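*Asks:*
In the numbering used here, the protein residues as written are 111 to 782.
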């Protein structure tokens, strides 16, 4: 045995009595790897593990953030809408697509993909972490998950036309394996940084570099799309969930000729056209009711000019109380001048059953301006309903190419990361069978869950993380919808707002790390949660209408600061609460907590939005953030740091019950 004495700032002197045979294998001065069992054969799996300096391992930790983070914003910001567009183009006569035998609306696919991967992560992350801690395959598992994520990103290049479902597989597979690699790389944090201050610095540096690369790549892709993608359209179609959705369309009644200059009546005209609620549904669902006598057209003018040779599709779902003739039309204003020209679909008879109508055209070269129209014709007075009107351009091939580039980026930086990381292997794992490792993983995971549940400090911290992740995640997810529908900001500007917020997150990680060094990291994390609450309240109070959009100058930096600070501090603090040998397992529970309450927060947002508005839906998320703030504030700084120094004797005894591999004895004069 040998004795180690050290003094920790703010605490009494500590003395550890360490059993050399268990803690330091004789052939490995770093304390990592496994002791060679008596009688073990040389060669094969018994070769010495790779030993790397902690400085290089910190580089490897930062490199993994650089590898992983750019793909996240590209998948959510560009690829998910791209998959949805492909699915909308592939709908059947009922306006739905088939997913594993179930007919679903294409607009439901993002929520389905996100929910699926979240559930899989919640179940699988603790298991993956437990296996990584029990086996000598942690580094190999990290490399496999990162390369697997890269493979799914590259696979997205095949998501074309009817193969839209490949995009869904690529989206779920990428996020699932990326989450696994995230917990595995975070399991190195307690070992490559010696104390909470150092861990916070390394975590913040990794987050900052990841944000920098995220902003640079997303800006490059955004600029390229703006330069080469002239296929986007300005018309906002879809369902009529908001009152403004009906006001975007105009009514042309009787025999009035179509004109690009004549202002027609707004669609919200009670005697002809109005937005109404569908009765008998659990949540509010809206349609556009049209009273038809003679000919009635519902139209909208495209604001983009010079659309010659474009591929355009107009979809609508309509029904009528009496059989009514319905046609879809494109109105074209030639560049050479003259009267508007008409491209008309065949006339289709529509009855009481809702029916999907679609009209696709490649426009002539001489097109200065374009308009879309749904026309009803019936000599008798008839009530017709429009469930939705959609206008779609040809999907931009640049989106899967950008995701492919992110896959290559991910693979290259991930290999650089793994090259800088050392091997960790518990005693006796190299010669253990795969079945034994699986069995031991589940046994250890069960014991860890029980001991964590009994430990009030770790349990409160994980519950706080669960509430914070639920509230903050839903707020970020719904922010783009809020900006588009509530403030009428176009999608390009929303993308710039998100990039600006991420850029402010770089500063937020630095600021909150410095604040933590002054007031304590646990208190700084609680402060970041309170900062989140203030941001949500400011959003609710200031952003009330499109005219209030200038307040985003204040709200966007505020959101970025608390976002970057809370991310950097949460994993650094948790790394200081993990007992040696259970790093991946505990970060698996950390990921479980992150995903566990997300569906509840989304449901609360959805119900609040249905009963009131988007603003109140965002405000409802402050309940989750306030709960996280109270729980985090209840944790004493000394309780959190004592985990990082390993000097809480009663916790050591509880956590070590039944664990025969640990022989260290800890003594301390610190008051509990």
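Each residue gets a CB set at the ideal place from its N, CA and C atoms; glycine is no exception.
Predicted model, so just to flag it, every value in this text is computed and none were measured.
For residue 628, count neighbouring Cβ atoms within 10 angstroms of its own Cβ and tell me buried if that reaches 16, exposed if not.
*Replies:* So residue 628 ends up on the exposed side.
*Asks:* Should residue 421 go down as buried or exposed, given a rule of 16 or more other Cβ atoms within 10 Å for buried?
*Replies:* Classification for residue 421: exposed.
*Asks:* For the alpha helix (DSSP H) that contains residue 225, what are its first and last residues?
*Replies:* 219 to 244 is the extent of the alpha helix (DSSP H) around residue 225.
*Asks:* When burial is assigned at 16 or more other CB atoms within 10 Å of the CB, is residue 271 buried or exposed?
*Replies:* Label assigned to residue 271: exposed.
*Asks:* Using beta-carbon positions only, say whether residue 633 and residue 743 come within less than 9 Å of one another.
*Replies:* Cβ distance < 9 Å, so residue 633 and residue 743 count as in contact.
*Asks:* The beta strand (DSSP E) with residue 409 in it runs from where to where?
*Replies:* Looking at the DSSP string, the run of the beta strand (DSSP E) that includes residue 409 is 396 to 412.
*Asks:* Whole angstroms are fine: how far does the CA of residue 500 sit from the CA of residue 668?
*Replies:* About 36 Å.
*Asks:* With a CB to CB cut of under 7 Å and the five nearest residues on each side skipped, what residues in its chain are close to residue 307?
*Replies:* The residues are 627.
*Asks:* Name the residue from 503, 654, 711, 709 whose alpha carbon lies nearest to the alpha carbon of residue 191.
*Replies:* It is 503.
*Asks:* Quick check on residue 596: does DSSP put it in helix, strand or coil?
*Replies:* It is coil, neither helix nor strand.
*Asks:* Go ahead and label residue 644 buried or exposed: buried means 16 or more other beta carbons lie within 10 angstroms of its beta carbon, across all protein chains shown.
*Replies:* That one is exposed.
*Asks:* Excluding five sequence neighbours on each side, which residues of the same chain lie with their C-beta closer than 6 Å to the C-beta of residue 297?
*Replies:* Around residue 297: 693, 694, 697.
*Asks:* Measure from the alpha carbon of residue 746 to the alpha carbon of each residue in 687, 234, 722, then state which is nearest.
*Replies:* Minimum Cα distance to residue 746 is reached at 687.
*Asks:* Tell me the DSSP secondary structure of residue 163 in three-state form.
*Replies:* In this structure, residue 163 counts as coil in the three-state DSSP scheme.
*Asks:* Does the region 210 to 225 come within contact of the region 249 to 264, defined as at least 3 CB pairs closer than 8 Å?
*Replies:* No, because fewer than three Cβ pairs between the region 210 to 225 and the region 249 to 264 fall closer than 8 Å, the two stretches do not touch.
*Asks:* For the region 732 to 741 against the region 568 to 586, do three or more pairs of beta-carbon atoms, one drawn from each stretch, fall closer than 8 Å, so that the two count as touching?
*Replies:* Segments in contact, yes.
*Asks:* Taking 9 Å as the cut-off, decide whether the C-beta atoms of residue 619 and residue 678 are in contact.
*Replies:* Going by C-beta atoms, residue 619 is nearer than 9 Å to residue 678.
*Asks:* Per DSSP, residue 270 forms a beta bridge with which residues?
*Replies:* Partner(s): none; residue 270 has no beta bridge.
*Asks:* Alpha carbon to alpha carbon, how far is residue 293 from residue 716?
*Replies:* Looking at the two C-alpha atoms, the distance is approximately 30 Å.
*Asks:* How far does the beta strand (DSSP E) with residue 85 in it extend, from its first residue to its last?
*Replies:* Coverage of the chain is limited to positions 111 through 782, which leaves residue 85 absent and any answer about it impossible.
*Asks:* Between 657, 656, 616, 670, which lies nearest to residue 639 when the distance is taken from Cα to Cα?
*Replies:* Ranking the options by Cα distance to residue 639, first place goes to 670.
*Asks:* Between the alpha carbons of residue 178 and residue 570, how many angstroms are there, rounded?
*Replies:* Whole-angstrom Cα-Cα distance: 29 Å.
*Asks:* Buried or exposed for residue 410, going by 16 or more other Cβ atoms inside 10 Å?
*Replies:* The residue in question, residue 410, is buried, as its Cβ has 16 or more Cβ neighbours within 10 Å.
*Asks:* Taking the beta carbon of residue 459 as the centre, do at least 16 other beta carbons fall within 10 Å, making it buried, or is it exposed?
*Replies:* So residue 459 counts as exposed.
*Asks:* Please name the residue or residues paired with residue 458 in a DSSP beta bridge.
*Replies:* 436.
*Asks:* List the whole-angstrom C-beta distance separating residue 521 from residue 257, where the pair is believed to meet the contact cut-off of C-beta under 8 Å.
*Replies:* The Cβ separation is near 6 Å, so the contact holds.
*Asks:* If I measure Cβ to Cβ from residue 591 and keep anything under 8 Å in the same chain, skipping five residues before and after, which residues do I get?
*Replies:* 724, listed in sequence order.
*Asks:* With DSSP as the reference, identify every bridge partner of residue 629, one or two as the case may be.
*Replies:* Beta-bridge pairing links residue 629 to no other residue.
*Asks:* What three-state label does DSSP hand residue 362 in the structure shown?
*Replies:* Of the three classes helix, strand and coil, the one that applies to residue 362 here is strand, per DSSP.
*Asks:* Leaving aside the five residues before and after residue 597 along the sequence, list all residues of the same chain whose C-beta is less than 6 Å from its C-beta, in chain order.
*Replies:* Only 656, 659 meet the Cβ criterion.
*Asks:* Could you check the C-alpha separation between residue 299 and residue 175 for me, to the nearest Å?
*Replies:* Looking at the two C-alpha atoms, the distance is approximately 13 Å.
*Asks:* From which residue to which residue does the alpha helix (DSSP H) around residue 322 run?
*Replies:* Residues 306 to 338.
*Asks:* Curious, which full-length alpha helix (DSSP H) runs of at least 4 residues does the region 554 to 597 contain?
*Replies:* Taking only runs of at least 4 residues, the alpha helix (DSSP H) segments lying wholly in the region 554 to 597 are 566 to 595.
*Asks:* With a CB to CB cut of under 8 Å and the five nearest residues on each side skipped, what residues in its chain are close to residue 240?
*Replies:* Contacts found: 551, 552, 554, 555, 558, 694, 695, 698.
*Asks:* Does the beta-carbon distance from residue 450 to residue 370 come in below 9 Å?
*Replies:* Yes, these two residues count as a Cβ contact at 9 Å.
*Asks:* Does the beta-carbon distance from residue 426 to residue 490 come in below 9 Å?
*Replies:* Result no, Cβ atoms of residue 426 and residue 490 do not sit closer than 9 Å.
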